[in-house]
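Residue numbering for the sequence shown follows my numbering, starting at 724 and increasing by one per position. Written below as structure tokens is the structure these notes are about.
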Amino acid sequence: MDVAGFALAVVSLTGLFSTFFDIYDKIRSAKGMGAQLDHDRERLRLESERVRYVREKYQLERFNEDSKRLLAMVMQMLNAQLAGIEALFARYAPEQRGNEPRDATLSAEASGISAASPGGKGKAIVNRLRWAAGDMADLDRMLDKLHFTTNTLFSFATSESERFRNDFLLRTGALGTLDLAVTMDSTQYPGIAKAARVKRLLQAPVGNSSATRAATGSSYASSFSIPVPSIRWHNQGGLSQALSSLWATGSRGDEHILVEWRGPFLGGALPRPVAERRLDQLCELLQAMHEAERDEELGYRQVGGVGPMVSFAQLPCVGWTLASELSLTRIGLVFRYPPSHPQMLPSSLCGRISASRRLRAPVPPLGKRFELALGVASAVANIIAVGWLHRAIRSENMLSFGAGDAAVSKLYLVGFSYARPGEDSMSEFSDLPQGKDWALYRPPEARYGDASLSDDDDTSSPVLPSAPSATTASPSDDLYGLGVVLLEIGHWTTAQRMSRAKDIDGDAHAFVKRELPAQVEKLAARCGTIYQDVVRKCLDPAYWSQDDVVDHLASILESLKLCRA
């Protein structure tokens, strides 16, 4: 291509992008539309954000000439489709004259009808019905076509890692207008729709269960309570032996289940009715978190849509139980085994790593470990994005099922009984257990005093002592824990083993100051500099700012997606 032709192509594509955003700005700034079309304008906003990202890449000269020609063809299609949408909008929101108020749905003036004229009101009603019956359906079809064309543009102009990052950012941004996000089409925007439902449940106040279900659109049972006698334990010692570990397996009817034990809320000070309502809401929230994965397990994949089905790495929660009906001293969250492994006993990531080291088994291939790391990081990022804090991110709280490669292909998070909303960080409802092993996964300033590092701690006991938090929780707790877990996956060794190196002898302070930096430094040779940089970002307080945490999480996900064996 000669210089003149090159300049023409550049100007042409620049003009096409400008035309797109000129039309979009007209639609976005249209007056007198009311709330009726807010949902459609939100769909347009999502599509425009993806086009904006492609334009930014173009402005940075990231495309060759052949790519630019293809981009120009797709942009011409987009502009024609967007112009059709703008024309439809304009029929109901013409240029305003002065500052006169307008009807929120369809003004008589827009219809060419005088509101004061005989029959004017009736004709306006007819036009509103025509909008509902005809033009609204046309608008929906136009938006579907625009969505498909934007997918084509975005898929062609971006890499897989870029799409992974942008999907997360778009989904998180959409949750800022929750009322609109929950109405998004679950076929075209599955991740947004599911994440919005989880966030709405998360924001529901603790109160009357029926009122909460009505407010969140829940269709679940009024109570998730499961009588402990209905559970048949897999071990020989029954309930007493089941209570001797952090979690135990059993069956209920034809289903294999896992019960995760925890201590009482606020040391048992929370009134029982309030505690039961809180447990019901927690179970409902955990069920909603798993629904996204259930769709994925059934093969419900988004084809060319905005983002894949959002994953929280959550087992299907079926309810809660009490070790004794007379008290809340031992509470169990009950989960069903995943459909892909209905009868395989689970094992924690920490346990699998320790066992493979003890048996001198081969370390999983680096590619498998990268996939495992991405899955864990995605789940943690999605939890933070909906405004929740897990507060117990560690390899002991990550379970896998199966054997061989299947055992490291998918991890499920447990330990949610200690989670709470990020906005509720000033309220302490679930005191975290204390102990050397727990301290290894917490930021230094969040270790709740030197008691957690005492040699008197009995770390072998499933019921660890707990103490109230001296600081408020924040995403930094989960980010730091994620960093330590990613370090374990990279080296395929446990933090506990690393903390026993040299003269550290399990001391968390010494681990942070000496051994942790040394282990991070070794990651480059074992896993590459990209993976090493991800771990550093998780462990570095400079990346924990509440204002920037979403951008940092998106960067972490993009980097992990780039990791190759």
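A virtual CB, placed ideally from N, CA and C, is assigned to each residue, including glycine.
{"query": "Proline 952 by DSSP, collapsed to three states: which one?", "result": "helix"}
{"query": "Examine the Cβ distances between the stretch 1066-1080 and the stretch 1109-1116 and report whether three or more of them are shorter than 8 angstroms.", "result": "no"}
{"query": "Could you name the residues of the same chain whose beta carbon sits closer than 6 angstroms to that of glutamine 964, not counting the 5 residues immediately before and after it, in chain order?", "result": "Asn958"}
{"query": "When you compare the CB positions of alanine 1102 and serine 1034, do they come within less than 7 angstroms of one another, or not?", "result": "yes"}
{"query": "Provide the residue(s) that pair with arginine 985 in DSSP beta bridges, ordered along the chain.", "result": "Ile1054"}
{"query": "What does the Cβ neighbour count give for glutamine 1004, buried or exposed, with the cut at 16 atoms within 10 Å?", "result": "buried"}
{"query": "Rounded to whole angstroms, what is the Cα-Cα separation between glutamate 772 and serine 882?", "result": "16 angstroms"}
{"query": "Give the straight-line distance between the Cα atoms of glutamine 1269 and alanine 1162, rounded to the nearest whole angstrom.", "result": "22 angstroms"}
{"query": "Excluding the 5 residues preceding and the 5 following glutamate 765 in the sequence, name in chain order all residues of the same chain whose CB lies nearer than 7 angstroms to its CB.", "result": "Thr900 and Leu903"}
{"query": "With 16 other CB atoms within 10 Å as the buried threshold, where does arginine 785 fall?", "result": "exposed"}
{"query": "Is the separation between the beta-carbon of leucine 1008 and that of tyrosine 1135 shorter than 7 angstroms?", "result": "no"}
{"query": "Excluding sequence positions up to five away, which residues of its chain have a Cβ less than 7 angstroms from the Cβ of leucine 1068?", "result": "Thr972"}
{"query": "Near glutamine 804, what residues of its chain come up, given a Cβ to Cβ distance below 8 angstroms and the 5 sequence neighbours on each side ignored?", "result": "Met865, Lys868, Leu869 and Thr872"}
{"query": "For a test of the three-state rule: what should DSSP assign to arginine 886, helix, strand or coil?", "result": "helix"}
{"query": "When DSSP builds the beta bridges, which residues end up paired with glycine 1042?", "result": "Val1057"}
{"query": "Restricting to Cα atoms, I'd like to know which of Gly738, Glu885 and Ile954 is closest to histidine 979.", "result": "Ile954"}
{"query": "Run the CB neighbour count on glycine 1204, radius 10 Å, all protein chains shown included, and call it buried at 16 or more, exposed below.", "result": "buried"}
{"query": "Go to tryptophan 1161, then tell me how far its alpha helix (DSSP H) extends in each direction, as first and last residue.", "result": "1159-1162"}
{"query": "Around the Cβ of arginine 995, are there at least 16 other Cβ atoms within 10 angstroms (buried) or fewer (exposed)?", "result": "exposed"}
{"query": "Between the C-alpha atoms of alanine 1265 and lysine 791, what's the straight-line distance to the nearest angstrom?", "result": "38 angstroms"}
{"query": "Does the distance from the CB of leucine 1276 to the CB of alanine 1096 come in under 7 angstroms?", "result": "no"}
{"query": "Pull up the distance between the alpha-carbon of isoleucine 1212 and that of glycine 1206, whole angstroms please.", "result": "10 angstroms"}
{"query": "Which parts of the stretch 1195-1237 are runs of the beta strand (DSSP E), unbroken and 3 residues or longer, counting only runs that do not cross its ends?", "result": "none"}
{"query": "What three-state label does DSSP hand methionine 1032 in the structure shown?", "result": "coil"}
{"query": "Skipping 5 residues on each side, what residues in its chain have a beta carbon closer than 8 angstroms to that of tryptophan 956?", "result": "Leu962, Gln964, Ala965, Ala971, Thr972 and Gly973"}
{"query": "Leaving out five residues before and five after leucine 1280 in sequence, what residues of the same chain have Cβ atoms less than 7 angstroms from its Cβ?", "result": "Phe887, Arg888, Phe891, Ala1100, Ser1101 and Ala1104"}
{"query": "Out of Gly1090, Pro1144 and Tyr1164, which one is the CA nearest neighbour of serine 1132?", "result": "Gly1090"}
{"query": "Classify alanine 1174 as helix, strand or coil using the three-state DSSP reduction.", "result": "Residue placement at alanine 1174 is poorly supported in this model, since its pLDDT is 36, which falls under 50; the coordinates still yield a value, given next. Here alanine 1174 sits in helix by DSSP."}
{"query": "In this structure, what does DSSP give as the bridge partners for valine 1037?", "result": "The displayed chain sequence assigns glutamine, not valine, to residue 1037. Glutamine 1037 pairs with Leu1136."}
{"query": "Report the three-state DSSP secondary structure of isoleucine 699 (helix, strand or coil).", "result": "Any question about residue 699 goes unanswered here, given that the chain covers just 724 to 1288."}
{"query": "Does the ligand ATP have a heavy atom nearer than 6 angstroms to the CB of aspartate 1200?", "result": "As far as ligands go, the structure on display features none, and thus does not contain the ligand ATP."}
{"query": "Using C-beta distances below 6 angstroms, list every residue in its chain close to methionine 800, excluding the 5 sequence neighbours before and after it, in chain order.", "result": "Thr872"}
{"query": "Can you list, in chain order, the residues of its chain whose CB lies under 6 angstroms from that of serine 830, leaving out five sequence neighbours each side?", "result": "Residue placement at serine 830 is flagged as unreliable, the pLDDT there being 39, under the threshold of 50; a coordinate-derived value is accordingly withheld."}
{"query": "Among Ala795, Arg814, Asp789 and Val797, which one has its Cα closest to the Cα of lysine 754?", "result": "Arg814"}
{"query": "Rounded to whole angstroms, what's the CA-CA distance from serine 721 to tryptophan 984? Just pull it up for me.", "result": "Absent from the structure is residue 721, since the part of the chain shown begins at 724 and ends at 1288."}
{"query": "Within 10 angstroms of its Cβ, does histidine 1214 collect 16 or more other Cβ (buried), or is it exposed?", "result": "buried"}
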